[in-house]
Every structure is written in structure tokens, then in C-alpha cells.
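Take the sequence shown: its letter number 38 is residue 21 in the numbering used here, and every next letter is one higher.
Just so it is clear, CB atoms sit at the ideal spot from N, CA and C, and this is done for glycine as well.
In what follows, a single structure is set out as C-alpha cells and then discussed.
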Amino acid sequence: MITTILMNFLEMMIQNYNMSNNIAVVTGANGMDAKSITHLLLSKDYKVILTYRRNTYFDEEKIKALFNEDLLKHPKSELHLQVCDISCQNSVNGSILSILKEHSRIDELYLLAANSHVGESFKNKELSIQTNGQSVYYFLEALKNHSPKTRTYFAATSELVGGIESGTFNEDCLWNPRSPYAIGKALGARWINFYRDSLDSNLFCCYGILFNHSNVYRSKDFVIRKITNTAAKIALGKNNELKLGHLEWARDEHWSDFGCEAMWKMLQLDEPENFVVGNGETHWGEEYVDLAFGHFNLKWQDYVKFDDKLKRPNEVVRLIADSRKAQEKLGWIPNRITFKKHIKMMCEYDYQLENGLTPSRPNVFEL
Ligand code: G4F
-16 MITTILMNFL EMMIQNYNMS NNIAVVTGAN GMDAKSITHL LLSKDYKVIL TYRRNTYFDE
44 EKIKALFNED LLKHPKSELH LQVCDISCQN SVNGSILSIL KEHSRIDELY LLAANSHVGE
104 SFKNKELSIQ TNGQSVYYFL EALKNHSPKT RTYFAATSEL VGGIESGTFN EDCLWNPRSP
164 YAIGKALGAR WINFYRDSLD SNLFCCYGIL FNHSNVYRSK DFVIRKITNT AAKIALGKNN
224 ELKLGHLEWA RDEHWSDFGC EAMWKMLQLD EPENFVVGNG ETHWGEEYVD LAFGHFNLKW
284 QDYVKFDDKL KRPNEVVRLI ADSRKAQEKL GWIPNRITFK KHIKMMCEYD YQLENGLTPS
344 RPNVFEL
């Protein structure tokens, strides 16, 4: 009798376990990609645990408020926050253990936290290597010991390329990292391959080489948002110039939500593989300012000033992706919105924001 009751109870537990939402841990709650993928995962009824580094600027309520609508629309989804300092192995290990204790398992882990400003990485080289590269080892070692079934995505970067004068960049091209940021990311990507291919751990882990991507969560430290936001301020009479380092750079830029969709798709494959993600179309700095100022009927030449202090010691000039593998194996679709529309959506958002309104985030999947 007792055995039957126990068996029934165990069966019920197993059923509940299988039926419960997928559980994803996403690192870097303050960052654009973490916010973007959280929207996507909540729309798929995931339980998302967002990690953040405890500091005085982190506003838990503000971050949670971003996802109120998603949680209402998808009542089975859940959002949780967890403190984790990715530059410290004890903190990473402790966070993984405490998530496992509270939520019983981790199905997917998205390693998106980083010191992501390439220019700033020249000023703090060691921290860059630690957060962008060595932290990957901390997580994979913790998973190997405590949660070997977790599937991990790591955000590598097109900065690994180091710039290309002609042609495009795919998964097999040689790397030439030209900044401490990119050297850190190269280390992180190597750890991924190591834990997947070279250890008996055989973890399901992969990385994406995402080319530039942005949306309205982009921080104003990055050139695209700096341009759209300052152009909006100038149009509103709140500012009268935009200071840039130079315009001799070209980027292959997609809307972040599409890149995040590719990350998720990578973790749904039968076997882990690394992918390049990008539109395969490059735009020069001059086109960025021309479109953004043009949106407000302004001539960029009247407002853009150049400051050598904003130049980098080692510039990556031109980047362009060959994402055919992602298109074939993930069904990833490039160029779903034009570059002109991309800049327009960011300008419209920034204009409303700078005008004291509360603009809503464009949902590109519903356009
Ligand atoms: O906006 P950026 O700082 O982005 P960058 O260096 O391309 O890196 C971004 O994309 C990478 C993926 O390709 C990510 F891995 C990385 O984390 C980050 O998200 O600079 C774009 C270009 C650079 O050539 C830079 O030198 O703009 C040039 N630039 C010129 N003046 C400027 C400025 N960049 C910034 N941030 N600020 C300027 O005033």
C-alpha cells in the first residue's frame, strides 16, 4: 500500500517536472541582449532568471517593469532576478547552486553579460579578459559539476574578425582580435569549444558570432544610439552638436530581437554548433548620420563635430557577415527590416523619449 502511494507520488512529481515551463538563466540584466531575449523567452512561457551584478545603479523594480506586459500576456511565464558577479568564480558557482536549489534545474543558459564597450576595454584590459572570457570557464565548470544537461549559448562577437577589407566573414575564417574586448571574447569562445569537444563532459554549448545589432535598449555609449538620440535632441532644440571620433567605419547591423531569436534557435538544435549571424550588408558611418539627421530634416554636416579623444587605438574598420549557415540550419532570415527603417524606428523612439513621453518598444515580430 505504502509502495503504491509512493510510486503514484513519484509519477506525479515526474509529470509535473516535465510539464513545467522551460527554465532559462540569462546573464547581464542591464544589457540590451538580455532584455531582448527575455521578452522572447517570456513569450514562449519560459521561467526566466535574469542575473545582475549588485551595484548602486541597478534598479530591480525598473528592470521588472519592462516585462510586466509580457507576464500579463503569458501568464504561465515567470521572471526572477539573481545576483551574480561573473568576474568571480565563487559568485558564479554560488549563483548556479542557488538557482538549482530554488528552481530544481536549468534548461538553458544565455551568457550575455559582458564589458561590451570595445573602446573602454583598452582602459581596463584585465577586467575585459576576465568578464568577457574567463567567466565562460566559471560557468561551464559549474555546469559540468552541477547541471551537465543545461544547454549554453555564449555571445561571441564579430570583433573577433578584426575587420575585413573585402569579402565576408563566416564560421571558418581566421580571427584577428584587435582589442582587449575581442581577446576576451576569443578566450570565451575557445572555452566553449573546449567544454563541448575536448573534455569528456560533452556539454551542450555553442557560441554565436553576432555582427552589430541594436534596438531601443542600446546604450547611448554605442555609436548608433548616440547618433539617433543626439539627432532627436537636436531636433527638439535640447542639444546643438554631436561629437564623434570619426566616420570611417562600416558595420553590418541587424535589429537585436532577430539576433536573439537566432541564439534561442541555436539551443533548440539536436547538436550544438557555432554560427555567424548578420545581414550580409554593410553601412558606412556617413550613412548612419545621414539617415538619422535626415529623419529630422537636418543636415548632419551642420551638427557633427569630430574629437580625436573618441578614436580607438586599434580601429576595426569594416565588418560584413556571411550567415548562410545560420540561414540554412536555423532558418534565420537576414534583412527582415531595411537599414533605413531600423534607423527610423530608433529615431522615432528617441524623439518621443526626449520629448518626455514613454514610447513603447517596437515589437519587430509583429510588424
Ligand atoms: O558603436 P560602437 O562602439 O560598436 P562596436 O565597436 O562596433 O562594437 C559593438 O558591436 C560588436 C559586434 O560587432 C560587439 F561585440 C560590441 O560589444 C559592441 O556591441 O562603435 C562602432 C564604430 C567603431 O568603429 C567606433 O570606433 O563607431 C566608431 N565610433 C566613432 N565615433 C564611435 C564613436 N563609437 C562610439 N561608441 N562612440 C563614438 O563617439
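DSSP beta-bridge partners of residue i
| i | result |
| --- | --- |
| Cys189 | Tyr136 |
| Ala233 | Trp267 and Arg301 |
| Val260 | Leu193 |
| Tyr93 | Val9 and Tyr136 |
| Thr34 | Thr10 and Gln65 |
| Phe289 | Leu227 |
| Phe152 | Ala304 |
DSSP state of residue i mapped onto helix, strand, coil
| i | result |
| --- | --- |
| Val65 | Note on residue identity: the sequence assigns Gln, not Val, to residue 65. Three-state result, Gln65: strand. |
| Asp205 | Here the sequence assigns Phe to residue 205, which means Asp is not the residue at that position. DSSP places Phe205 in coil when its eight states are reduced to three. |
| Ile112 | helix |
| Lys221 | coil |
| Trp283 | helix |
| Trp238 | strand |
| Val199 | coil |
| Asn76 | helix |
| Ser130 | coil |
| Asp42 | coil |
| Ser163 | In the sequence under discussion, the amino acid at residue 163 is Pro, which differs from the Ser named in the question. The answer is helix: DSSP assigns Pro163 an H, G or I state. |
| Ile20 | helix |
| Thr253 | What sits at residue 253 in the sequence shown is Asp, not Thr. Coil, per DSSP. |
| Thr321 | coil |
| Arg173 | helix |
| Leu313 | helix |
| Phe122 | helix |
| Thr341 | coil |
Nonlocal neighbours in the same chain, by C-beta distance under 7 Å from residue i, ignoring five residues either side
| i | result |
| --- | --- |
| Leu94 | Thr10, Val119, Phe122, Thr135, Tyr136, Phe137 and Ala138 |
| Asn1 | Unreliable placement is indicated for Asn1, whose pLDDT of 47 sits below 50; the coordinate value is still reported in the next sentence. Excluding positions up to five away in sequence, the list is empty. |
| Trp283 | Val272, Asp273 and Phe276 |
| Leu80 | His129 |
| Glu142 | Val101, Pro160, Ser162, Tyr164, Ala165, Lys168 and Val299 |
6 Å CB neighbourhood of residue i in its chain, flanking five on each side removed
| i | result |
| --- | --- |
| Ile326 | Leu274 and Ala275 |
| Gln32 | Correcting the residue type first, residue 32 is Ile in the shown sequence and not Gln. For Ile32, where only same-chain residues beyond five positions count, the Cβ hits under 6 Å are Val8, His63, Gln65 and Ile82. |
| Glu61 | Lys30 |
| Leu193 | Gly242 and Val260 |
| Tyr200 | Met15 and Lys18 |
| Gln117 | none |
| Tyr190 | Phe137, Ala139, Ala172, Ile175 and Asn257 |
| Val347 | Trp238 and Asp240 |
For residue j and residue i, believed in contact at Cβ under 8 Å, the rounded distance
| i | j | result |
| --- | --- | --- |
| Asn401 | Tyr178 | No statement about residue 401 is possible, as the shown extent of the chain runs from -16 to 350 and does not include it. |
| Gly263 | Trp232 | The Cβ separation is near 18 Å, so there is no contact. |
| Asp333 | Ala215 | 4 Å |
| Asn195 | Asp235 | 6 Å |
| Lys56 | Asp28 | So it is not a contact: roughly 10 Å between Cβ atoms. |
| Thr21 | Ser78 | Going by Cβ atoms, the distance from Thr21 to Ser78 rounds to 17 Å, so no, they are not a contact pair. |
| Ala125 | Val75 | 6 Å |
| Ala304 | Thr151 | 6 Å |
| Phe41 | Arg295 | Going by Cβ atoms, the distance from Phe41 to Arg295 rounds to 28 Å, so no, they are not a contact pair. |
Beta carbon proximity, residue i to chain D, threshold 8 Å
| i | result |
| --- | --- |
| Cys189 | No chain D appears in this structure, which consists of one protein chain only. |
Residues of its chain near residue i, where Cβ-Cβ distance is below 8 Å and the 5 sequence neighbours each way are ignored
| i | result |
| --- | --- |
| Leu182 | Lys127 |
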